[in-house]
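2 protein chains.
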Amino acid sequence: MQLTGEMLIGGSAVFGKAGAVQAIDPTRNAAIEPNFGLASDAEVQRACELAERAFDAYRDTTLEQRARFLETIADNIMNIGEALIERAHIETGLPKARLEGERGRTVGQMRLFAKVVRDGHWLDATLDSALPERTPPRPDLRLRKIAIGPVVVFGASNFPLAFSVGGGDTASALAAGCPVVVKAHSAHLGTSELVGRAIQKAVADCGLPEGVFSMIFGDGRQVGQSLVSHPAIKAVGFTGSRQGGVALMRTSAQRKEPIPVYAEMSSINPVFLLPGAVANDTAKLAQAFVDSLTLGAGQFCTNPGLVLGVDGPQFQQFIEAAAGALQAKAAQTMLTPGIHKAYTSGVSRLSGIAGVRQLAAGQGGEAVKSGCAAQAALYVCDSQTYLSTPELEDEIFGPCSLVITCRDVDDMKRFAEYIEGQLTATVHATSADHAAAAKLLPTLERKVGRILFNGFPTGVEVCHAMVHGGPFPSTSDSRTTSVGATAIDRFLRPVCYQNFPADLLPAALADANPLKLARLVDGTLVPPA
Amino acid sequence: MQLTGEMLIGGSAVFGKAGAVQAIDPTRNAAIEPNFGLASDAEVQRACELAERAFDAYRDTTLEQRARFLETIADNIMNIGEALIERAHIETGLPKARLEGERGRTVGQMRLFAKVVRDGHWLDATLDSALPERTPPRPDLRLRKIAIGPVVVFGASNFPLAFSVGGGDTASALAAGCPVVVKAHSAHLGTSELVGRAIQKAVADCGLPEGVFSMIFGDGRQVGQSLVSHPAIKAVGFTGSRQGGVALMRTSAQRKEPIPVYAEMSSINPVFLLPGAVANDTAKLAQAFVDSLTLGAGQFCTNPGLVLGVDGPQFQQFIEAAAGALQAKAAQTMLTPGIHKAYTSGVSRLSGIAGVRQLAAGQGGEAVKSGCAAQAALYVCDSQTYLSTPELEDEIFGPCSLVITCRDVDDMKRFAEYIEGQLTATVHATSADHAAAAKLLPTLERKVGRILFNGFPTGVEVCHAMVHGGPFPSTSDSRTTSVGATAIDRFLRPVCYQNFPADLLPAALADANPLKLARLVDGTLVPPA
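Protein chains in written order, with the numbering used here: chain P, 29 to 557; chain W, 29 to 557.
Here is the structure:
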């Protein structure tokens, strides 16, 4: 498919009227064809208005229609074929195998949400019977969840497929019955056009109103503010920097009608190595840590940016082994020149902090000089230094981690109490460590959305029990997840139907239970007959 | 029980050090004994710190322990006996029968939440099995909801029992496992002390940490900001004015870590009378409307402040009948001098708006002159006037309603599209009106949290299917309800446990399912064995 640089506004393809940009090949740090037109304000307005106009019809589709739409999107993305992997590889510098895996996850997500839609568990169908004899009489009351309204999705830089135009936020919002306006990320414009056209075609294939999906290009700040301010928009999904997420939260708070902003922002994902685990297989543990840290050039929200252990000979041995493993790691191309620059300046800032010592650097070489390749880095400080140096909490996005030497497990717990909210925390423990782990867990539960044992936080499974979310600043809303089946809940709100005539009740709440849902009836969960 | 005017800070009773106030008897517009001490900043800090300190132990109580605690609160409130009704009657001017009913609702709420806690449905227990053979292997992932943290609850003026110190917000937060700090409403200080002591005693009776509950008195604005700004506080429940709710939303947005604010603020609850229903039993309909409007001096969040009909002889007949019914209504004492003043100034502002005509006033007499009694009022204008006069959207809290004459059902739909978010909308319809109702419903679903047929919105049932919430400005967060079983969801957040050793897993997620929960296992809802 020939890229045109056009935005997709409802059923139309439109070359944006507010200037043009090109994508960057980060391996060469060079612009690539074609030009992409940026959205004017009128074009932003048009996308939002179409979404608003499509909303009632789209949310009124049957569960089956909506599930098929999601499956059609998955099929259409697969049908792009090798051209998608090829373009994403050039635009992001990510290896093709990784992109193929990510494509699998992306279409897998769409299909999971098709299943979620069909199951109808998300409708939270709840019925309380009338009690006409009671004083006062109780009316007939029934509750279901409905879609919240049109949603703006900001594509993430680090998952050009799985958290971008056709990614998790888009899938969960469409599943909920919300039209979506995507602001494509400038780090992969061509990839965005390809996926956007696959979704646009799915809208047409399924005979849905054109406003169900639009995708625009634009200068992040201005177009973003304009989208989030539009009165038709009722929720926002965002993955990116803390600064960017906080700006969107402010924009929402200033609206006449504030709306939910689901921003996934910043996390340093502490890994607590308890003494038994460190002693157990020190070299293997160190290698596994460094592999997780450097995976995908460290460009994951769940990258292990902090590793804590109780100081002593065993932990020093772990540190040495980790330093050795890191030195062997080749430099890897980062996603964009901007991310690369932020990484190198973050690492050099770390080097300048009193009490922080560099342990090791990964391989450098030609790639680091010519393009956007990053050298992995490992630093160490003691817990006291960390607790008295607030800037150490700033995420350095990339393959850099800080080892923290603690005095004992109580010191680890104090550390856990001190840090801000995180997406994940990890505990490495043998059974001899369980008492110590039990001490840490209540604090970790308050601080993070996912706690792992004896693994590493990179690799986020898309399933029902996943929580990819956590207290601020890891996300703007700890009550939700952006990965997994329950991500649909972000885009729903409850409506109660009181004394409704049978012919006007939504199908989910009809007496005969035509959707065959498990429903809460008078407080008891009743499986479908 | 002798009132002392003391605040309850954990297990202590403390006379606040920042000045003193008395309660007001609104029937006589006169201060009554004793003095109540207002919270200094140190006292606010102390309450929040105790809540923080109690949090881990309280959220770790078993479901049975927590349920019994809620039941003990209910028992202790009942044990106050007649003194509670007596004091609430003097402080609020509400009739004793109403207060007895409200007490029943209050303890009923506590007992409902005890049942909700025991059921454990709110834990959302979800298990995804490990798939070790898959490439890449899937870890074992389990999700449960946990309490969000200490919660500040602002007592509402209009429900001195059911939405105050021991009201719905307190019940649902305690049920979720959150310690609560209540800011008592100045409209019923003695009632607050009585209920507060009943809860404080329940904390001791159940052997819970003292910080589970505190109650403070204070100047609304300053103490409120101070409470909501405290880093230990993780969520806020509020029922009151739009101005007050919006101020708390702003305070939260300015925190280092923004927190959810559940503010229930402002609603005018439109009632759509479709032509068949108006023709059906005009006089009875008019009487039912006026009864709902004047119930409790109109001091309900769900008071029907707008009534719409298609203009014509039948609707004019309804209007005349309503005016007649209203004229017969006696004046009723309002809750506070401030509310009374706001009501009379709201009504007089309405009288001055071009195109708005007074239809009727309720009875006046001596009560209106001497105390805080309000005269009911009914106004009329056409839909065009309403749509071109934004100030008509401001809620007038009290027994005043505005009749809107529409040209036809399409005009009603335009009207529904125009208005802001509401708690409720009501449709009166015979079966001949169902086609017209079906036209209105998609708009009403987008605008409100509860839609009623052939009833009136006052009288909010506490059950599983209730939604007392709605789009802004009726509440700050349309994703939730403040009345009914699912109000507990406001104070929960999900945590995922990955590859946890069996001995460290929470009981809700243990293989043997010791809590006997219905759980979602690999995407399928599995009832307890």
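Glycine included, every Cβ here is placed at the ideal spot set by N, Cα and C.
Here the structure is a predicted model, which is why all the values come from computation and not from measurement.
**Asked** If we call anything under 9 angstroms between Cβ atoms a contact, is P298 of chain P one with F481 of chain P?
**Response** No, the Cβ-Cβ distance between P298 of chain P and F481 of chain P is not below 9 angstroms.
**Message:** Closer than 7 angstroms between beta carbons: that is the criterion. Which residues of the region 521-538 of chain W meet it against chain P?
**Reply:** The region 521-538 of chain W vs chain P, Cβ under 7 angstroms: R521, P522, V523, C524, Y525, Q526, N527, F528, P529, D531, L532.
**Asked** From the beta carbon of K544 of chain W, is the nearest beta carbon of chain P less than 9 angstroms away?
**Response** For K544 of chain W, the nearest beta carbon of chain P is not closer than 9 angstroms to its own beta carbon.
**Request:** May I ask you to check if the CB of S280 of chain P is nearer than 8 angstroms to at least one heavy atom of the ligand SAM?
**Result:** Of the ligands one can find in the structure shown there are none, so the ligand SAM has no counterpart to examine.
**Asked** When we look at the beta-carbon of N186 of chain P and count the other beta-carbons within 10 Å, is it buried (16 or more) or exposed?
**Response** Counting the other CB atoms within 10 Å of its CB gives N186 of chain P a total of 16 or more, which places it among the buried residues.
**Asked** Measuring CA to CA, which of W:V135, W:Q73, W:D247, W:V408 is closest to P178 of chain W?
**Response** Selection W:V135, W:Q73, W:D247, W:V408 evaluated against P178 of chain W yields W:Q73 as nearest (Cα-Cα).
**Request:** May I have a chain-ordered list of the alpha helix (DSSP H) segments no shorter than 4 residues that lie completely inside the region 470-512 of chain W?
**Result:** Inside the region 470-512 of chain W, DSSP marks no whole alpha helix (DSSP H) run of 4 or more residues.
**Request:** Closer than 9 angstroms by beta-carbon distance: list the chain W residues that pair up with M277 of chain P, in chain order.
**Result:** Those within 9 angstroms of M277 of chain P in chain W are A281, P286.
**Item:** Pair within 9 angstroms by beta-carbon distance, L406 of chain W and A465 of chain W
**Value:** Cβ atoms of L406 of chain W and A465 of chain W: not closer than 9 angstroms.
**Item:** Spatially closest choice to P288 of chain P from W:A67, W:P534, W:R507, by CA coordinates
**Value:** The residue with the shortest Cα to Cα distance from P288 of chain P is W:R507.
**Prompt:** Would you call A557 of chain W buried or exposed, if buried means 16 or more other Cβ atoms sit within 10 Å of its Cβ?
**Reply:** A557 of chain W comes out exposed.
**Item:** S192 of chain P versus P:E221, P:D319, P:D505, P:G65, residue with shortest Cα-Cα distance
**Value:** Distances from the CA of S192 of chain P to each of P:E221, P:D319, P:D505, P:G65 were compared; the closest alpha carbon is that of P:E221.
**Asked** Does any C-beta atom of chain P lie closer than 9 angstroms to the C-beta of T508 of chain W?
**Response** By this cut-off, T508 of chain W is an interface position.
**Request:** Go ahead and label Q386 of chain P buried or exposed: buried means 16 or more other beta carbons lie within 10 angstroms of its beta carbon, across all protein chains shown.
**Result:** Exposed is the label assigned to Q386 of chain P, since fewer than 16 other Cβ atoms lie within 10 Å of its Cβ.
**Whether V408 of chain W touches T433 of chain W by CB criterion (9 angstroms)** = Their beta carbons are under 9 angstroms apart, which means V408 of chain W touches T433 of chain W by this criterion.
**Prompt:** Would a check of beta-carbon distances place N331 of chain W closer than 9 angstroms to chain P?
**Reply:** With respect to chain P, the C-beta atom of N331 of chain W has no partner C-beta closer than 9 angstroms.
**Request:** At 7 angstroms on the CB atoms, spell out the chain W contacts of R170 of chain P, in chain order.
**Result:** What R170 of chain P touches in chain W: A493.
**Request:** Using a Cβ-Cβ cut-off of less than 9 angstroms, give me the residues of the region 138-151 of chain W that come near chain P, in sequence order.
**Result:** Listed in sequence order: L140, K143, V144, D147, H149.
**Item:** Contact with chain W by G380 of chain P, beta-carbon distance below 9 angstroms
**Value:** Output row for G380 of chain P: interface = no.
**Request:** To the nearest angstrom, report how far apart F245 of chain W and T452 of chain P are at their CA atoms.
**Result:** Roughly 39 angstroms separates the two Cα atoms.
**Prompt:** Candidates W:E292, W:S320, W:M293, W:V338: which alpha carbon is nearest A305 of chain W's?
**Reply:** Across the set W:E292, W:S320, W:M293, W:V338, the C-alpha of W:V338 shows the shortest separation from the C-alpha of A305 of chain W.
**Message:** Given a cut-off of 9 angstroms on the beta-carbon distance, is the pair S416 of chain P and R435 of chain P in contact?
**Reply:** Annotated as distal: S416 of chain P and R435 of chain P, with beta-carbon spacing of 9 angstroms or more.
**For D309 of chain W, the nearest candidate out of W:R146, W:D156, W:A349, W:S280 (CA to CA)** = Closest option to D309 of chain W, judged by alpha-carbon separation, among W:R146, W:D156, W:A349, W:S280: W:A349.
**Segment contact, 8 angstroms Cβ cut-off, at least three pairs: the region 113-125 of chain W with the region 467-483 of chain W** = Because the criterion of three Cβ pairs below 8 angstroms is not met, the region 113-125 of chain W and the region 467-483 of chain W do not touch.
**Request:** Can you tell me which of P:P529, P:T509, P:I516, P:R518 puts its alpha carbon nearest to the alpha carbon of P522 of chain W?
**Result:** Considering only alpha carbons, the answer is P:T509.
**Request:** Please name the residue or residues paired with I432 of chain W in a DSSP beta bridge.
**Result:** BP columns for I432 of chain W point to W:L336, W:C409.
**Request:** Indicate whether at least one CB of chain P lies closer than 9 angstroms to the CB of E110 of chain W.
**Result:** Not closer than 9 angstroms to any Cβ of chain P, the Cβ of E110 of chain W fails to qualify, so no.
**Request:** Verify the CB distance criterion: does E489 of chain W have a CB-CB separation below 9 angstroms to chain P?
**Result:** At least one beta carbon of chain P lies nearer than 9 angstroms to the beta carbon of E489 of chain W.
**R270 of chain W to S294 of chain W span [Cα, whole Å]** = Distance from the CA atom of R270 of chain W to the CA atom of S294 of chain W, rounded to whole angstroms, is 6 angstroms.
**Message:** Taking only three categories from DSSP, how would you classify S295 of chain W?
**Reply:** Collapsing the DSSP output to three states places S295 of chain W in coil.
**Asked** Roughly how many whole angstroms lie between the Cα atoms of D88 of chain P and V256 of chain W?
**Response** Cα to Cα, D88 of chain P sits roughly 40 angstroms from V256 of chain W.
**Request:** Flag this pair as yes or no: are the beta carbons of A79 of chain W and S242 of chain W separated by less than 9 angstroms?
**Result:** Between A79 of chain W and S242 of chain W, the CB-CB gap stays under 9 angstroms.
**Request:** Starting from N104 of chain W, trace the alpha helix (DSSP H) both ways and give me its first and last residue.
**Result:** Taken as a continuous stretch (DSSP letters only), the alpha helix (DSSP H) holding N104 of chain W covers 91-108.
**Prompt:** Does the distance from the CB of S320 of chain W to the CB of T458 of chain W come in under 9 angstroms?
**Reply:** In this structure, S320 of chain W keeps its C-beta atom at 9 angstroms or more from the C-beta atom of T458 of chain W.
**Request:** Please compile the residues from chain W whose C-beta is within a distance smaller than 7 angstroms of the C-beta of N482 of chain P.
**Result:** Counting only Cβ-Cβ distances below 7 angstroms, N482 of chain P has contacts in chain W at N527, in chain order.
**Prompt:** With a CB to CB cut of under 6 angstroms and the five nearest residues on each side skipped, what residues in its chain are close to P259 of chain W?
**Reply:** Contacts found: none.
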